[in-house]
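Notes follow once the structure below has been shown.
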Amino acid sequence: MPSWPPRIAALWSTLSARIRWLILVASLPAAALVVHQASEHRLAGVSAAQERAQLTLRAVVAGQERLIQYTQDFLGKLATLPQVHDPSQPACGVFLAEVLALQPLYVNIGVPRADGELLCNARPLKAPVNVANRPYFQRALTEREFSVGAFQIDRAAQVASVNFAVPVIPPGSTQPVGAAVAVVGLEWWSRRLSDLGLPEGAVARVTDPDGKVLARFPPDPAELGSVLDDDAEFSAALLQSGQGVLQRTTAKVPHLVVFQPLIESRGKAVATMSLTVPLGALYAEANKHMWIDMAFLLMGVALSFLLARAGVRRAVTRPLQRLIAATDELAQGRHVPLERTLGLAELSELGRRFDRMARTRQAAEVQLRQSEENLAITLHSIGDAVMATDAAGNITRMNPVAERLTGWPLAEAIGRPLRDVFRVVNASTRQAQLDPVQLVMTGGEVVELSNHTTLIARDGAEYQIADSAAPIRNAQGQIVGVVLVFSDVTDAYQAREQLQANAARFRTLAALSSDWYWEQDAQLRLTRLEGSSESPPVQEAAKLIGKTRWEVNSPGVSDAQWAEHRAQLARHEEFRDFEFQRVAPSGEEYWVSVSGTPVFDEEGRFAGYRGVGKDITARRRDERELRIAAIAFDSQEGMMVTGPDTIILRTNRAFTRLTGYDAEEAVGRPASLLASGHHDKSFFDAMWASLNTTGEWRGEIWNRCKSGEVRLNSMGITAVRDGRGVLTHYVGMLSDLTQRTQAAREIETLAFYDALTHLPNRRLMMDRLQQAFATSARTGMLGALLCLDLDHFKTLNDTLGHDMGDVLLQQVGQRLAACVREGDTVARLGGDEFLVLLEDLGGQATEAAEQAQAVGEKILLALNQSYQLASHHVHSTTSVGAVLFDAQGQTVEDLVKHA
Numbered sequence: 000m001p002s003w004p005p006r007i008a009a010l011w012s013t014l015s016a017r018i019r020w021l022i023l024v025a026s027l028p029a030a031a032l033v034v035h036q037a038s039e040h041r042l043a044g045v046s047a048a049q050e051r052a053q054l055t056l057r058a059v060v061a062g063q064e065r066l067i068q069y070t071q072d073f074l075g076k077l078a079t080l081p082q083v084h085d086p087s088q089p090a091c092g093v094f095l096a097e098v099l100a101l102q103p104l105y106v107n108i109g110v111p112r113a114d115g116e117l118l119c120n121a122r123p124l125k126a127p128v129n130v131a132n133r134p135y136f137q138r139a140l141t142e143r144e145f146s147v148g149a150f151q152i153d154r155a156a157q158v159a160s161v162n163f164a165v166p167v168i169p170p171g172s173t174q175p176v177g178a179a180v181a182v183v184g185l186e187w188w189s190r191r192l193s194d195l196g197l198p199e200g201a202v203a204r205v206t207d208p209d210g211k212v213l214a215r216f217p218p219d220p221a222e223l224g225s226v227l228d229d230d231a232e233f234s235a236a237l238l239q240s241g242q243g244v245l246q247r248t249t250a251k252v253p254h255l256v257v258f259q260p261l262i263e264s265r266g267k268a269v270a271t272m273s274l275t276v277p278l279g280a281l282y283a284e285a286n287k288h289m290w291i292d293m294a295f296l297l298m299g300v301a302l303s304f305l306l307a308r309a310g311v312r313r314a315v316t317r318p319l320q321r322l323i324a325a326t327d328e329l330a331q332g333r334h335v336p337l338e339r340t341l342g343l344a345e346l347s348e349l350g351r352r353f354d355r356m357a358r359t360r361q362a363a364e365v366q367l368r369q370s371e372e373n374l375a376i377t378l379h380s381i382g383d384a385v386m387a388t389d390a391a392g393n394i395t396r397m398n399p400v401a402e403r404l405t406g407w408p409l410a411e412a413i414g415r416p417l418r419d420v421f422r423v424v425n426a427s428t429r430q431a432q433l434d435p436v437q438l439v440m441t442g443g444e445v446v447e448l449s450n451h452t453t454l455i456a457r458d459g460a461e462y463q464i465a466d467s468a469a470p471i472r473n474a475q476g477q478i479v480g481v482v483l484v485f486s487d488v489t490d491a492y493q494a495r496e497q498l499q500a501n502a503a504r505f506r507t508l509a510a511l512s513s514d515w516y517w518e519q520d521a522q523l524r525l526t527r528l529e530g531s532s533e534s535p536p537v538q539e540a541a542k543l544i545g546k547t548r549w550e551v552n553s554p555g556v557s558d559a560q561w562a563e564h565r566a567q568l569a570r571h572e573e574f575r576d577f578e579f580q581r582v583a584p585s586g587e588e589y590w591v592s593v594s595g596t597p598v599f600d601e602e603g604r605f606a607g608y609r610g611v612g613k614d615i616t617a618r619r620r621d622e623r624e625l626r627i628a629a630i631a632f633d634s635q636e637g638m639m640v641t642g643p644d645t646i647i648l649r650t651n652r653a654f655t656r657l658t659g660y661d662a663e664e665a666v667g668r669p670a671s672l673l674a675s676g677h678h679d680k681s682f683f684d685a686m687w688a689s690l691n692t693t694g695e696w697r698g699e700i701w702n703r704c705k706s707g708e709v710r711l712n713s714m715g716i717t718a719v720r721d722g723r724g725v726l727t728h729y730v731g732m733l734s735d736l737t738q739r740t741q742a743a744r745e746i747e748t749l750a751f752y753d754a755l756t757h758l759p760n761r762r763l764m765m766d767r768l769q770q771a772f773a774t775s776a777r778t779g780m781l782g783a784l785l786c787l788d789l790d791h792f793k794t795l796n797d798t799l800g801h802d803m804g805d806v807l808l809q810q811v812g813q814r815l816a817a818c819v820r821e822g823d824t825v826a827r828l829g830g831d832e833f834l835v836l837l838e839d840l841g842g843q844a845t846e847a848a849e850q851a852q853a854v855g856e857k858i859l860l861a862l863n864q865s866y867q868l869a870s871h872h873v874h875s876t877t878s879v880g881a882v883l884f885d886a887q888g889q890t891v892e893d894l895v896k897h898a
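Going by numbering that gives the first Met the number 0, the sequence shown opens with residue 0, and the numbers climb by one from there.
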C-alpha cells in the first residue's frame with residue numbers, strides 16, 4: 000500500500016470514507032456523460048434562439064422595405080399634384096394637413112422650397128425651419144431621385160423619425176421648386192415588434208451609423224441618444240458587413256446579438272437594428288436538465304450500494320449524525336443530551352464526553368451573559384461617553400453617548416483604530432492631540448487629557464470635551480486594552496468663552512462709543528462709570544461718584560420733573576430717556592439722556608440701578624434749528640426738498656396751492672413730475688451747470704400743474720451739502736408769475752387787436768405795413784392792400800340791432816382770415832371797414848395784380864354767402880378797393896388813402 004500523508008490515510012482508513020470514495024469513482028463516467036448532454040442541449044438552444052432572432056429581424060426589415068417602397072410611390076404621386084407645386088402658398092400646407100389626416104403611417108409631411116425654407120407643412124411650426132443643409136434634401140434636388148435621410152428628431156413633430164424625399168418639378172419646368180418630404184416615426188417599429196413578440200428578456204434597438212441608440216423596445220427613455228457600449232468585435236462586424244451574429248457576455252450575463260441594416264441609402268446603412276437575446280435562462284434550463292440527470296444517476300448509484308452501506312449506516316452513520324446534530328444545537332446555545340449508547344463503544348464514549356463538555360460550556364456562557372448584561376446596563380445608563388479598545392488601539396466597545404458624540408454607529412466603529420473615530424485637536428492651536436491609547440500603553444496608568452480639547456465628529460460637528468483614559472488588565476495584570484471616558488462640556492466652554500468675549504466687547508464699546516455705562520447702589524448713588532475718557536459728559540459724571548443724580552444743579556429740568564423721576568426710582572421701575580441739563584466748570588452747557596433698569600439680588604432685594612447715558616446736546620440743538628426751519632418752511636412761497644437724486648422728500652402747503660399736488664402725491668416722486676416740455680436740453684444743462692458750480696440757480700420756468708395747466712413760475716434752487724461737502728439735498732422755492740404774464744398779454748391784446756373780432760387793429764396794421772414796406776424795398780417783391788366795407792351795414796344795425804351787427808362783423812372777420820395765406824394780415828379799422836395786407840406777390844406788377852385779383856375774388860365769393868344771425872338769414876354785399884405797392888416813392892398813409 001503506498002505511503003499516504005497522515006490526514007489522507009486517516010480518511011481512507013474509515014469504512015464510511017472508503018464507501019464514499021467508491022461511490023464517487025463509480026459515478027464519474029456517468030457524470031461526464033450528463034455534462035456532455037447538457038452541453039449539447041445548450042448548443043441546440045442557442046441555435047434555436049439565433050434562428051428565431053434572425054427571423055424576427057428579417058420580418059422587421061422586410062416590413063421596413065415595404066414601407067420605404069410605399070413611401071417612394073406615395074411621394075412620387077404627391078410631387079405630381081398641382082397643390083404642392085408652389086410651396087410658398089398657405090394652401091399648400093392646408094392640403095398637406097388633409098393628406099396627413101388620411102395617412103396615419105406618417106408623423107409629418109412637408110414640401111420645403113428649393114432654398115430649404117419649410118413654409119408648406121402639414122403640422123404647424125413653432126419656429127422657422129430650414130432643411131437646406133440636410134444631405135437627403137440636397138441629394139433629392141441635385142440628383143433628382145428618391146433619397147433617405149438619417150434618423151433625427153423631427154423639428155415639427157418632435158419625435159424620433161427618418162425623412163424620405165423626392166424632388167418636386169412642375170410640368171413644363173426642368174428645375175425643382177422643392178422636395179416632397181415624408182417623416183416616418185419609429186412607432187411602427189415598436190408595434191411590429193409587439194406583434195411579432197420577443198423572447199423573454201430580449202431587447203431590440205435601432206442605432207445610427209455612429210452607434211447612438213435611436214429607439215429601443217421595450218422602451219427605455221434613459222438609453223435614447225446614448226452610444227451603444229459594445230465590444231470591439233461587435234463594432235468591427237457592424238462596420239465591415241453591417242450584419243451578423245455574436246455571442247458576448249455583459250455584466251456576467253451571456254447574450255446572443257443578431258444585427259442587420261434596417262434602412263439603407265446608396266448602399267450605406269442609415270440605421271441598424273440589433274436584437275439582444277439573454278442566454279441565461281437557456282443555460283439555466285440546460286443546467287436544470289443536467290442536474291436532474293445527475294440526480295437520477297446518483298440515486299441509481301446510491302441504490303446499488305444500499306445494502307452494503309446498511310450495516311455501516313446503522314452502526315456508524317446514524318450515531319455520527321446524532322452527534323453532529325447535538326453539536327449544532329450546542330452551537331446555537333441549546334444542549335440536547337445524547338442517548339447512553341451510540342452503538343460502537345468508541346462512539347458511546349465520545350457521546351459521554353460531549354455531554355460533559357456541553358454542560359461546562361453552558362454554565363460559562365450563562366456567567367458571561369450576566370456579566371455582559373451588567374456591563375451594557377452600566378454603559379447605557381452612564382451620562383459620559385465610554386469607548387474601549389484592544390491593546391492595538393482598535394475599538395471593541397462604545398456606548399450610545401459615544402456613538403452620538405463621535406457620529407459613528409457601533410457596528411461601523413468596531414475594529415477601527417481609535418484615531419479614525421476619536422479625532423481630537425487642541426481647541427486653540429487646532430493641533431492634533433496625542434493618542435490616548437499610546438499614552439496609556441506607555442505609562443500603564445490613568446491619563447487625564449489636556450484641557451481645551453475639541454472632538455471632531457464624523458459629520459464635522461465639534462464638541463468641547465473633558466476626557467481621561469485608563470488601562471484594562473487581565474487576570475495576570477497585563478494590559479489588554481484601554482477604556483476612554485469623556486463628557487461633552489461644549490455648553491460650559493461656550494458660556495465661558497461668551498462671557499470673556501462679552502466682557503471684551505463691553506470694554507471696547509465703552510471705550511469707543513459716545514455713550515457710557517453707569518451703576519447705582521440701593522441708595523441711588525453713582526458707584527461705577529464706564530465710557531470714553533475724552534467725552535466731556537463722562538468727565539463731569541466721573542466727579543459725581545458717590546452722589547445722586549439730583550444733587551447737582553440742572554437748569555433745564557424743573558423741580559416737578561426731578562420729583563417725578565425720584566418717585567419712579569423709588570418704585571423700582573425701569574426708565575428710558577430721562578433728559579437733564581448740565582453746566583461744565585467752563586460754563587459750557589450740555590444735555591444728557593439716561594436710561595436705566597433696576598437690579599435685584601438672588602433673594603429679590605433691590606440692589607440699585609444700572610443703565611446707559613448719552614450726550615444729546617447736538618440733538619437738542621438740531622431740534623431747535625428744525626423748529627426754526629419749520630416756521631420758515633411754512634411760508635407763502637412754494638417749497639420743495641429733494642434728495643441728491645431729485646426724488647421729492649418734502650413739500651409745504653404753498654407748493655400744494657401752486658401745483659395742485661398734495662404732499663402724499665409728490666413725496667417719493669422725481670422733481671420732473673412738474674416738467675412741462677416747454678424747455679429744451681440746453682435750458683436744463685445751464686441750470687445744472689449753475690447748481691454744480693455756484694450751488695444755486697434762479698430763473699423763470701414753465702411748470703405743469705396736477706390739472707395739466709402749464710404755469711410760469713419764478714424759481715430758486717439751492718444745493719445743500721453736509722460738513723464734509725457731500726451733497727445731501729436740493730431746496731427749491733417757487734412763486735407764480737402766470738397772473739402777471741396774463742395781465743401783460745391782455746394789455747398787449749387791447750393795444751394791438753380789435754376787441755370784437757380779435758383781428759389786428761389799425762395800430763398793428765400800420766406797423767405791419769411799415770414792415771411790409773421794408774421787406775419789399777429789400778427783396779423787390781410787390782405787395783397789395785385791399786380795403787373792404789360792407790354795403791348797407793348801418794341799415795342792418797338799425798333794423799336787427801347792434802348785437803346782430805356785431806355778430807355779422809365777427810363772421811366777416813372769420814371768413815376773411817380763412818381766405819388769405821398764413822403770412823398775410825387781416826385787420827379791422829373800425830365800423831365795417833377791413834384791410835387785407837398781401838405780401839410777396841411777385842417781382843412783376845402783372846403777376847402781382849393777378850394774384851391780388853384772385854384773392855379779391857375769393858374774398859367776394861366768401862362774403863357774398865348768406866349769414867346766419869340768430870334766426871335771421873342775411874345777405875350782405877361788399878365793396879373792395881385794391882392797390883399794389885413796391886415801397887418806391889410811397890408812404891403808408893398814401894397807400895391807405897388810395898386803397
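Where a beta carbon is used, it is the ideal one built from N, C-alpha and C, also for glycine.
Discussion item. Within a Cβ cutoff of 6 angstroms, which residues of the same chain sit near Val-202, ignoring the five residues on either side of it in sequence?
Written reply: Thr-275
Worksheet entry | Classification of Lys-857 by the beta-carbon crowding that lies within 10 angstroms, buried from 16 upward | exposed
Worksheet entry | Contained alpha helix (DSSP H) runs [length at least 4] in the region 823–876, N- to C-terminal order | 844–862
Fill in: Contact check, Thr-271 vs Thr-206, beta carbons under 8 angstroms
Contact: yes.
Item to complete: Compute the distance between the beta-carbons of Glu-447 and Ser-467, then report whether it is under 8 angstroms.
Response: yes
Worksheet entry | CA-to-CA distance, Leu-42 to Ser-133, given in whole angstroms | First, the residue type needs correcting, since residue 133 is Arg and not Ser in the sequence shown. Arg-133 and Leu-42: Cα-Cα distance of roughly 47 angstroms.
Worksheet item: Taking C-beta to C-beta, are Asp-735 and Arg-710 nearer than 8 angstroms?
Response: yes
Practice prompt. Helix, strand or coil for Arg-565, going by three-state DSSP, please let me know.
Written response: helix
Item to complete: Return the chain-ordered list of same chain residues with a C-beta closer than 6 angstroms to the C-beta of Ala-181, the five sequence neighbours on each side being excluded.
Response: Thr-70, Leu-74, Tyr-105, Ile-108 and Phe-163
Discussion item. Quick check: the Cα distance between Gln-843 and Gln-850, rounded to an integer number of angstroms?
Written reply: 11 angstroms
Practice prompt. Measure the alpha-carbon distance for Val-93 versus Ala-674 and round it to whole angstroms.
Written response: Taking the straight line from one Cα to the other gives about 56 angstroms.
Worksheet item: The alpha helix (DSSP H) with Asn-691 in it runs from where to where?
Response: 680–693
Worksheet entry | Range covered by the beta strand (DSSP E) that runs through Lys-613 | Looking at the DSSP string, the run of the beta strand (DSSP E) that includes Lys-613 is 605–614.
Practice prompt. Within the same chain, show all residues whose beta-carbon is closer than 7 angstroms to that of Val-130, passing over the 5 residues directly before and after it, in chain order.
Written response: The answer, listed in chain order, is Pro-111, Gly-115, Leu-117 and Phe-136.
Worksheet item: Quick one: what does DSSP say Trp-549 is sitting in, helix, strand or coil?
Response: helix
Worksheet item: Do you know how far the Cα of Glu-518 is from the Cα of Ile-627?
Response: Because the pLDDT of Ile-627 is 49, which lies under 50, any placement of that residue in the model is unreliable, and the number read from its coordinates should be weighed accordingly. Using only the alpha carbons, I get a separation of about 38 angstroms.
Worksheet item: Does the beta-carbon of Ile-716 have 16 or more other beta-carbons within 10 angstroms, so that it is buried, or is it exposed?
Response: buried
Worksheet item: When the Cα atoms are used, what is the spatial distance from Leu-837 to Gly-782?
Response: 6 angstroms
Fill in: Identified DSSP bridge partners for Glu-461
Ile-455
Worksheet item: Arg-814 to Phe-751, Cα distance in whole Å?
Response: 20 angstroms
Discussion item. Going by DSSP, what residue range makes up the beta strand (DSSP E) through Pro-597?
Written reply: 588–599
Practice prompt. Using the Cα positions of Ser-594 and Ser-534, report the straight-line distance between them to the nearest angstrom.
Written response: 18 angstroms
Worksheet item: If you check the beta carbons only, do Asp-614 and Tyr-589 fall under 8 angstroms apart?
Response: yes
Practice prompt. Taking Gln-477 as the reference, give the member of Gly-443, Gly-459 and Ile-323 with the closest Cα.
Written response: Gly-443
Worksheet entry | Those residues which DSSP pairs with Pro-175 across a bridge | Looking at the DSSP assignment, Pro-175 forms no beta bridge with any residue, so it has no partner.
Discussion item. Taking the straight line between their C-alpha atoms, what separation do you get for Gly-822 and Gln-769?
Written reply: 15 angstroms
Discussion item. Which complete beta strand (DSSP E) runs does the region 632–666 hold, if anything under 3 residues is left out?
Written reply: Fully enclosed beta strand (DSSP E) runs of 3 or longer: 637–641 and 647–650.
Fill in: Asp-558 to Asn-552 span [Cα, whole Å]
Each residue's alpha carbon lies about 10 angstroms from the other.
Worksheet item: Is the Cβ-Cβ distance between Arg-833 and Val-811 less than 8 angstroms?
Response: Just to set this straight, residue 833 is Phe in the shown sequence, not Arg. Taking a C-beta distance under 8 angstroms as the contact criterion, Phe-833 and Val-811 qualify as a contact pair.
Item to complete: Mind checking which residues open and close the beta strand (DSSP E) that includes Leu-525?
Response: 525–529
Worksheet item: If you draw a straight line from the C-alpha of Val-34 to the C-alpha of Arg-351, how long is it?
Response: Straight through space, the alpha carbons of Arg-351 and Val-34 are spaced by roughly 46 angstroms.
Worksheet item: Who are Cys-818's beta bridge partners in DSSP?
Response: The partner list for Cys-818 (beta bridge, DSSP) is empty, contrary to what the question assumes.
Item to complete: Inspect the beta-carbon positions of Asp-831 and Asp-788 and report whether they are closer than 8 angstroms.
Response: A contact, by the Cβ cut-off of 8 angstroms.
Worksheet item: Roughly how many angstroms separate the alpha carbons of Phe-485 and Pro-408, rounded to a whole number?
Response: 17 angstroms
Item to complete: Determine the closest residue to Thr-658 out of Met-732, Arg-565 and Val-420, with distance taken between C-alpha atoms.
Response: Met-732
Worksheet item: In three-state terms, what does DSSP make of Cys-704?
Response: coil
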